[in-house]
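Visitor: After the structure tokens below, expect a handful of questions from me.
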Amino acid sequence: MIDKELQDFARDVSVGSGKVKGFPTKITSKFCLASHLVRIMWMTSAQHSVINYPVNHYGALTFNSPTKLYKDKMTTMGHYSFTNLPRNVTCMTQSALSMTLAAMHYDRLLDFVPKFPEEKGKSVLQKYHDYLDGEVTSKIIQRNKQRFKEGHLPYPYLLPAWIANSIHT
Numbered sequence: 001m002i003d004k005e006l007q008d009f010a011r012d013v014s015v016g017s018g019k020v021k022g023f024p025t026k027i028t029s030k031f032c033l034a035s036h037l038v039r040i041m042w043m044t045s046a047q048h049s050v051i052n053y054p055v056n057h058y059g060a061l062t063f064n065s066p067t068k069l070y071k072d073k074m075t076t077m078g079h080y081s082f083t084n085l086p087r088n089v090t091c092m093t094q095s096a097l098s099m100t101l102a103a104m105h106y107d108r109l110l111d112f113v114p115k116f117p118e119e120k121g122k123s124v125l126q127k128y129h130d131y132l133d134g135e136v137t138s139k140i141i142q143r144n145k146q147r148f149k150e151g152h153l154p155y156p157y158l159l160p161a162w163i164a165n166s167i168h169t
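If you're matching positions, the sequence shown starts at 1 in the UniProt record's numbering and goes up one per residue.
Rendered as structure tokens:
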């Protein structure tokens, strides 16, 4: 493939430069381009969302992430008391930071489709948007209902509505 910007990008992020494991120094085919685009899109949208958004519901709860236990000078080895628990300020700061960061949800996957300027590209994006919001969403909702019936917690974070377009920084 002859595209100077694309090849420059590949060189910049490959193991030889940007140190992205498994990324080639040169894009040689449409298949190579597609497979690496899928990888990048997965990591910067869905994977990021499913790892980070549950933090607001699970990880931000102080009991789930109490930073560490402290060895207080007033206690002996093997004896635990309130003095071994994390300091109040540490817990409050950690909880506030975790909840604030995890609650940031600026956009959702493919929400930009109506504003896309090129009609041909817009129709392709709209097709996938509709597929994700229709068939994929329905399947995930049904699976989560079944999980709940079986006594397991549902996992809504793979619903397209939860997936951001990119990593928010």
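Even glycine gets a Cβ: it sits at the ideal position worked out from N, Cα and C.
What alpha helix (DSSP H) runs, 4 residues minimum, are completely inside the stretch 85 to 148?
Guide: Fully enclosed alpha helix (DSSP H) runs of 4 or longer: 88 to 103, 119 to 131.
Visitor: Only counting the same chain, and skipping five residues up and downstream in sequence, which positions put a Cβ closer than 6 Å to that of Arg108?
Guide: Taking the sequence shown and counting its residues from 1, the one referred to as residue 108 is at position 108. So the list reads Ala161, once near-sequence residues are dropped.
Visitor: Does the contact criterion of 3 or more C-beta pairs under 8 Å hold for the stretch 109 to 124 versus the stretch 142 to 150?
Guide: Taking 8 Å as the limit for Cβ pairs, the verdict is that the stretch 142 to 150 does not touch the stretch 109 to 124.
Visitor: For the ligand FMN, is there a heavy atom less than 7 Å away from the beta-carbon of Thr93?
Guide: Here there are no bound small molecules, and the ligand FMN is not part of this structure.
Visitor: In this structure, how does DSSP classify His36 when only helix, strand and coil are distinguished?
Guide: If you number the sequence shown from 1, residue 36 lands on position 36. Three-state DSSP puts His36 in a helix.
Visitor: Between Ser35, Ile140, Phe148, which lies nearest to Leu158 when the distance is taken from Cα to Cα?
Guide: As a working mapping, residue 158 is identified with position 158 in the sequence shown. Looking at the Cα atoms, Ile140 is the closest of the given residues.
Visitor: Taking C-beta to C-beta, are Val50 and Ser98 nearer than 8 Å?
Guide: Taking the first residue of the sequence shown as position 1, residue 50 is located at position 50. Taking the first residue of the sequence shown as position 1, residue 98 is located at position 98. No, the pair does not count as a contact, with Cβ atoms beyond the cut-off.
Visitor: Kindly indicate the opening and closing residues of the alpha helix (DSSP H) around Ile167.
Guide: As a first step, residue 167 is located in the sequence shown; it is residue number 167 there, counting from the start. First-last for Ile167: undefined, no H or E at that position.
Visitor: What separation, rounded to the nearest whole angstrom, lies between the Cα atoms of Leu12 and Gly151?
Guide: Sequence index remark: in the sequence shown, residue 12 carries index 12 (1-based). Sequence index remark: in the sequence shown, residue 151 carries index 151 (1-based). According to the sequence displayed, residue 12 carries Asp and not Leu. Approximately 48 Å, taken between the alpha carbons.
Visitor: In the structure shown, what three-state DSSP assignment does Ile2 receive?
Guide: Residue 2 sits at position 2 when you count from the first residue of the sequence shown. Reduced to three states, the DSSP call for Ile2 is coil.
Visitor: Go through its chain and collect everything with a Cβ distance to residue 170's Cβ below 7 Å, but skip five positions before and after it.
Guide: With the chain covering only 1 through 169, there is no way to say anything about residue 170.
Visitor: What does the alpha-carbon distance come out to for the pair Asp133 and His57?
Guide: For the purposes of this step, residue 133 is taken as residue 133 along the sequence shown, with counting starting at 1. For the purposes of this step, residue 57 is taken as residue 57 along the sequence shown, with counting starting at 1. Each residue's alpha carbon lies about 23 Å from the other.
Visitor: Can you look up Thr44 in the DSSP assignment and give me helix, strand or coil?
Guide: Taking the sequence shown and counting its residues from 1, the one referred to as residue 44 is at position 44. Of the three classes helix, strand and coil, the one that applies to Thr44 here is helix, per DSSP.
Visitor: What do you get for Tyr106, buried or exposed, if any count of 16 or more other CB atoms within 10 angstroms of its CB means buried?
Guide: As a first step, residue 106 is located in the sequence shown; it is residue number 106 there, counting from the start. Label assigned to Tyr106: exposed.
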